[in-house]
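Mapped onto full-length UniProt numbering, the consecutive letters of the sequence shown carry residue numbers 1 to 290. Following: one structure in structure tokens, then a few remarks.
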Amino acid sequence: MKKRRLLTTVSLLGAAFLAGCGQTDAETTREATSSSAAEAVEVTTVTVAHTQSSAPMNYVDENGESTGYEVSVLKAIDELLPQYEFEYVPTSDEDLLIGIESGKYDVGTKGAWYTEERAQKFIFPENYIGASSIGVLIRSEDAEEITDLESFAAAGKSLVPISPNNAQYNVIEDFNAEHPDTPIELTAADVFEISDAYTWLLEGRYDGYFAVKTAYEVNVLAEGAPYSQYKDDFSYFVYEALPTWPLFNKEQQELADAYDEAFLQLEEDGTIDDLMIEFLGENTFQYVKE
């Protein structure tokens with residue numbers, strides 16, 4: 001009886017062992033199947049164009065690597081999209097726009113603002129990627145009196161001419177519509193060198209230069225900047241921030257949709273805020289006027 005009971009016990013243990021092995025084998029099979037399924041996801045290469053000297057938004061660093069705020073956001077988005085692999089191509093503004101429209105590039109970033117003309121040529125996603133702060137560069141001697149665009153207008157100050165094709169021209173038009181009693185004289189620009197604007201301000205020919213904040217920081221404030229000798233002569237105030245967008249080829253709606261979904265995840269987990277602080281020094285979304 002004891003022997004039979006022992007054999008029965010051994011038999012039960014053996015059965016349990018075999019059952020465990022069977023379960024382990026099944027789990028291994030499921031894991032292998034799942035792994036194979038993951039490996040079977042078709043990966044599409046996405047060619048991403050970006051401007052190469054538009055720091056801090058998009059540029060090539062000293063190691064030849066694509067970087068900048070917008071490029072870094074796209075790199076983070078790539079990490080969330082296993083079905084895509086992003087390849088980055090530094091290029092010029094002109095080649096970027098022509099290349100996206102023709103299909104040479106799938107998407108591109110250049111600190112691009114929305115225009116009706118661009119909306120005809122490219123897909124704009126639901127979520128803008130960044131925001132570019134714009135404001136007015138003035139002479140330091142006027143800084144106590146002029147602290148914002150309202151006080152600039154009320155004092156009857158003049159702006160360096162702006163190209164009608166520039167989104168900043170539209171910003172001043174909108175401001176004038178909202179302030180009919182104190183409009184800013186808006187002069188359409190001919191082609192001129194950026195250095196002219198700084199010279200004209202110093203000479204007193206104009207009182208303000210409506211410029212992107214990062215351009216002011218790179219051209220005036222940065223160590224070794226081309227106009228750093230004038231940094232004590234100038235002051236700057238932010239008016240608002242204009243959203244900047246990645247531009248997608250017209251055939252890349254699925255990619256644009258995937259971008260939107262991933263961007264919202266990055267916004268929720270704090271990645272967007274972290275990258276803005278890293279590259280821009282602050283979250284510029286706070287200046288966007290919805």
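Glycine included, every Cβ here is placed at the ideal spot set by N, Cα and C.
For L242 and E145, the gap between their C-alpha atoms comes out near 25 Å.
Per DSSP, reduced to three states, the secondary structure at G108 is strand. Boundaries for R139: no alpha helix (DSSP H) harbours it, while the beta strand (DSSP E) harbouring it runs 130 to 139, taken from the DSSP string. Cα atoms of A177 and E62: separation of roughly 45 Å, rounded to the nearest angstrom.
CA-to-CA, the gap between V238 and F263 works out to about 26 Å. If you check the CB distance, D207 and D142 come in under 9 Å. Pairwise C-beta distances place the stretch 98 to 114 in contact with the stretch 243 to 250, as three or more of them are shorter than 8 Å. Boundaries of the beta strand (DSSP E) around F86: 84 to 91. For V171, the enclosing alpha helix (DSSP H) stretches over residues 167 to 178. Within its own chain, the residues whose Cβ lies closer than 7 Å to the Cβ of A55, once the five positions on either side in sequence are excluded, are G68, V218, listed in chain order. Taking N127 as reference, the option from A222, D93, Y259, Y236 with the minimal CA-CA separation is Y259.
Distance from the CA atom of V288 to the CA atom of G130, rounded to whole angstroms, is 10 Å.
Here T147 is exposed. Its C-beta has fewer than 16 other C-beta atoms within 10 Å.
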